[in-house]
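For the sequence shown, this note's numbering gives the first residue as 89, with consecutive numbering after it.
For each residue, glycine too, the CB sits at the ideal point set by N, CA and C.
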Amino acid sequence: MTEPTIYGTVITTEDSPSVSGFAFVIHSENSGVKRGQFVSVKTVEGTAIATISNIFKTNKYFESAGSVREYSKTTEMYTAFPIKEWEYTVAETKLLGVYTKDGMLNRPSFPPSPGIEVTEVDLQMLNRFLGLDQERGIDLGEIQQHSLRAKFNLTKMIQKHMAILAISGAGKSYATAVFIEELLSRDPKQGRVALFVVDNHGEYVSFADDPDFKERINIIDGEDVRLAVKNTGERMFAALLPEMSPVQIRELGKVLHHLKNEKHTFELKDVVDAVKDSEDIKKASKDALVGWLSELEDLKIFAQDDYPGYENLLEQGKMVILNLRNVLDLRRKQLIVRQFSTKFFNLRREGKVPPYLEIIEEAHNFCPEGTRSSEALSRHIIELLAREGRKFYANLCLISQRPVQLSTTALSQCNTQIILKITNPYDLDHIKKSSEAISQSTLDIVNSLKVGEGLVIGEAVNYPVFIKVRKRKSKESHGTKLEDYAIMYEKKENKLATGKEFL
Ligand SMILES: Nc1ncnc2c1ncn2[C@@H]1O[C@H](COP(=O)(O)OP(=O)(O)O)[C@@H](O)[C@H]1O
Ligand SMILES: [Mg+2]
89 MTEPTIYGTV ITTEDSPSVS GFAFVIHSEN SGVKRGQFVS VKTVEGTAIA
139 TISNIFKTNK YFESAGSVRE YSKTTEMYTA FPIKEWEYTV AETKLLGVYT
189 KDGMLNRPSF PPSPGIEVTE VDLQMLNRFL GLDQERGIDL GEIQQHSLRA
239 KFNLTKMIQK HMAILAISGA GKSYATAVFI EELLSRDPKQ GRVALFVVDN
289 HGEYVSFADD PDFKERINII DGEDVRLAVK NTGERMFAAL LPEMSPVQIR
339 ELGKVLHHLK NEKHTFELKD VVDAVKDSED IKKASKDALV GWLSELEDLK
389 IFAQDDYPGY ENLLEQGKMV ILNLRNVLDL RRKQLIVRQF STKFFNLRRE
439 GKVPPYLEII EEAHNFCPEG TRSSEALSRH IIELLAREGR KFYANLCLIS
489 QRPVQLSTTA LSQCNTQIIL KITNPYDLDH IKKSSEAISQ STLDIVNSLK
539 VGEGLVIGEA VNYPVFIKVR KRKSKESHGT KLEDYAIMYE KKENKLATGK
589 EFL
């Protein structure tokens with residue numbers, strides 16, 4: 089075994105070393121010691137693991153403001169004194185745990201001694217400390233500053249749901265694609281779930297062009313989705329039409345009931361006609377109902393029968409992509425997501441579909457905080473999944489660039505969070521509140537993460553950890569650049585008229 093690299097020596101400060109942390113002077117600036125890194129020291133109890141929370145420089149020549157000002161008047165200070173030699177780099181750490189001789193992990197109850205060496209942490213120990221799963225885990229990349237694969241246990245990662253949060257462009261969809269690759273590539277012996285992705289922008293459809301994945305992908309175009317009117321109760325209409333009074337809801341209920349008894353199947357137009365013909369409903373009430381119901385026809389979603397059929401869609405090791413790219417109306421999108429989520433969850437509860445993970449891109453659109461329920465038609469089912477899903481192995485992954493706008497009920501149930509770069513102070517604050525383990529120094533790092541770098545917190549790890557998301561193996565979908573599209577449009581290639589077919 090090679091000797092671990094020595095990074096520095098524990099020093100005394102006003103209040104350290106203590107059981108909560110210590111500072112050490114870094115031996116060489118080139119040793120690559122970074123904030124957020126894990127290090128190790130020996131204590132009387134065993135081998136302790138600590139994380140670097142801050143790094144600063146000090147130089148005793150610059151301690152007194154008065155003398156610095158005096159000396160600055162001449163340039164002599166820099167030649168007369170060995171100033172450079174008195175510059176030190178000091179790292180502050182937080183002690184996280186200590187492995188005793190018999191391999192038990194304890195809270196440190198005794199500090200390390202000043203003067204002892206701080207070394208790199210043993211990777212096997214770090215692996216155990218973080219609770220990673222190198223054998224069967226989901227490989228998202230590398231633990232930052234350590235050559236250790238960031239492989240997370242599937243159960244811990246998704247069974248209590250997860251969320252991927254970051255500003256736009258930080259790499260959420262890319263990280264999700266890596267996550268999907270891992271899930272689709274699992275061997276049946278490793279345990280496989282079915283995947284259902286709500287793809288707002290058609291970003292994941294490129295999986296179907298990739299020879300390694302295409303057999304396992306089923307794309308459903310949101311434009312084609314239909315809801316059978318015969319399966320739509322008055323409550324659903326009430327959710328869509330908040331203006332309806334309780335009396336009108338009851339009246340509509342009667343009409344629907346009557347139609348169901350009379351006809352095998354029917355359309356929205358038949359409901360409108362039945363309302364018009366009803367002798368029980370007062371004229372004013374009737375006119376309003378007819379008006380509202382006719383408006384719903386514009387959503388172009390109600391029909392005689394459901395499309396698609398839901399029973400055989402979900403398969404283990406395969407992915408259903410609901411492509412909402414061409415659906416512009418937000419309420420229509422929500423209705424579609426509500427339909428899929430409800431159908432799948434009900435089928436799962438009946439044991440008719442395999443365990444699955446529902447991934448929702450732009451989740452704040454489907455499960456918003458604080459908006460009226462008529463404008464959040466899919467919120468109820470997503471919150472229900474968040475609260476009850478895990479008992480039935482129906483798991484959620486919410487992706488959002490606006491955590492503050494995401495339902496607190498749903499987000500608080502996402503026990504694993506992958507946080508890429510976030511800059512908005514409200515969003516940062518929101519995340520801090522949702523996890524006790526996050527310290528201010530960790531949060532400061534989140535603010536300055538690069539694309540593809542992220543913080544993993546919650547169930548999946550025993551301690552918050554920074555990762556670098558690995559490169560994708562699958563084909564990435566690249567939209568056409570504006571310039572190229574403009575050139576093609578100018579050539580009057582008619583079939584590209586809207587760009588819809590093209591992207
Ligand atoms: N881990 C990564 N490695 C390489 N490129 C990445 C990585 N993560 C993101 N990118 C690139 O950064 C850009 C933005 O990523 P994307 O996932 O679309 O961001 P978001 O979904 O958060 O808006 C894309 O062009 C993507 O290819
Ligand atoms: Mg995205």
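Candidates K189, F112 and E91: which alpha carbon is nearest E133's? As a first step, residue 133 is located in the sequence shown; it is residue number 45 there, counting from the start. The option with the nearest alpha carbon to E133 is K189.
Neighbourhood of N118 by C-beta distance below 6 Å, restricted to the same chain and skipping five residues each side: Counting from 1 along the sequence shown, the entry for residue 118 is found at position 30. Answer for N118: no residue qualifies.
If contact is defined by three or more beta carbon pairs under 8 Å, each pair taking one atom from either stretch, is the segment 317–325 in contact with the segment 281–297? no
Need the endpoints of the beta strand (DSSP E) that D287 sits in, please. Taking the sequence shown and counting its residues from 1, the one referred to as residue 287 is at position 199. A282 to D287 is the span of the beta strand (DSSP E), which, as asked, contains D287.
K260: beta carbon under 6 Å from a heavy atom of ligand 2? For this step, residue 260 is matched to residue 172 along the sequence shown. The answer is yes for K260.
Where do the ends of the beta strand (DSSP E) carrying K521 lie? By one-based count along the sequence shown, residue 521 stands at place 433. That residue, K521, is in no beta strand (DSSP E); its alpha helix (DSSP H) goes P513 to S522.
Distance, E164 Cα to F149 Cα: Counted from its first residue, the sequence shown places residue 149 at position 61. Counted from its first residue, the sequence shown places residue 164 at position 76. One point to set straight first is that residue 149 is Tyr, not Phe, in the sequence displayed. If you take the alpha carbons of Y149 and E164, they lie about 13 Å apart.
Would you call the CB atoms of F554 and G124 closer than 7 Å? Taking the sequence shown and counting its residues from 1, one reaches residue 554 at position 466. Taking the sequence shown and counting its residues from 1, one reaches residue 124 at position 36. For F554 and G124, yes; Cβs fall inside 7 Å.
DSSP bridge partner residues for G124 (one or two, in chain order): Along the sequence shown, read from residue 1 onward, the residue named residue 124 stands at position 36. G124 is not bridged to any residue.
Tell whether a beta-carbon distance below 7 Å holds between D227 and E270. As a working mapping, residue 227 is identified with position 139 in the sequence shown. As a working mapping, residue 270 is identified with position 182 in the sequence shown. Yes. Within cutoff.
Measuring alpha carbon to alpha carbon, tell me which of Q493, Q392 and E438 ends up nearest E399. In the sequence shown, the residue the question calls residue 399 occupies position 311. Among Q493, Q392 and E438, the Cα nearest to that of E399 is on E438.
For G405 and A282, the rounded distance between their alpha carbons: Locating residue 282 in the sequence shown gives position 194, where the first residue counts as 1. Locating residue 405 in the sequence shown gives position 317, where the first residue counts as 1. C-alpha separation (whole angstroms): 5 Å.
According to DSSP, is V492 helix, strand or coil? Within the sequence shown, the letter at position 404 stands for residue 492. Helix, per DSSP.
With 16 other Cβ atoms within 10 Å as the buried cut-off, status of E589: Locating residue 589 in the sequence shown gives position 501, where the first residue counts as 1. Summary for E589: the model assigns pLDDT 48, below 50, so the residue's position carries little reliability, and this model does not support an answer.
DSSP state of F112, grouped into three classes? Walking along the sequence shown from the start, residue 112 turns up at place 24. The answer is strand: DSSP assigns F112 an E or B state.
Comparing alpha-carbon positions, which option in L218, K244 and P170 lies nearest G604? Only positions 89 to 591 of the chain appear in this structure, which leaves residue 604 out of reach.
Have a look at I204 and V98 and give me their C-alpha separation to the nearest angstrom. For the purposes of this step, residue 204 is identified with residue 116 of the sequence shown, where counting begins at 1. For the purposes of this step, residue 98 is identified with residue 10 of the sequence shown, where counting begins at 1. For I204 and V98, the distance between alpha carbons rounds to 6 Å.
Counting along the chain, where does the alpha helix (DSSP H) carrying V553 start and finish? If you number the sequence shown from 1, residue 553 lands on position 465. V553 -> not in any alpha helix (DSSP H); beta strand (DSSP E) instead, spanning V553 to V557.
Simplified DSSP state of L242, which is helix, strand or coil: Translated into the one-based positions of the sequence shown, residue 242 becomes position 154. Residue state, collapsed to three classes: helix.
Relative to ligand 1, is the shortest distance from any of its heavy atoms to the C-beta of S461 smaller than 6 Å? Sequence index remark: in the sequence shown, residue 461 carries index 373 (1-based). Every heavy atom of ligand 1 is 6 Å or more from the Cβ of S461, so no.
Tell me the rounded alpha-carbon separation between L591 and K559. In the sequence shown, residue 591 corresponds to position 503, counting from 1. In the sequence shown, residue 559 corresponds to position 471, counting from 1. Confidence at L591 is low in this model, with a pLDDT of 46, below 50, so its placement is unreliable and no value can be given for it.
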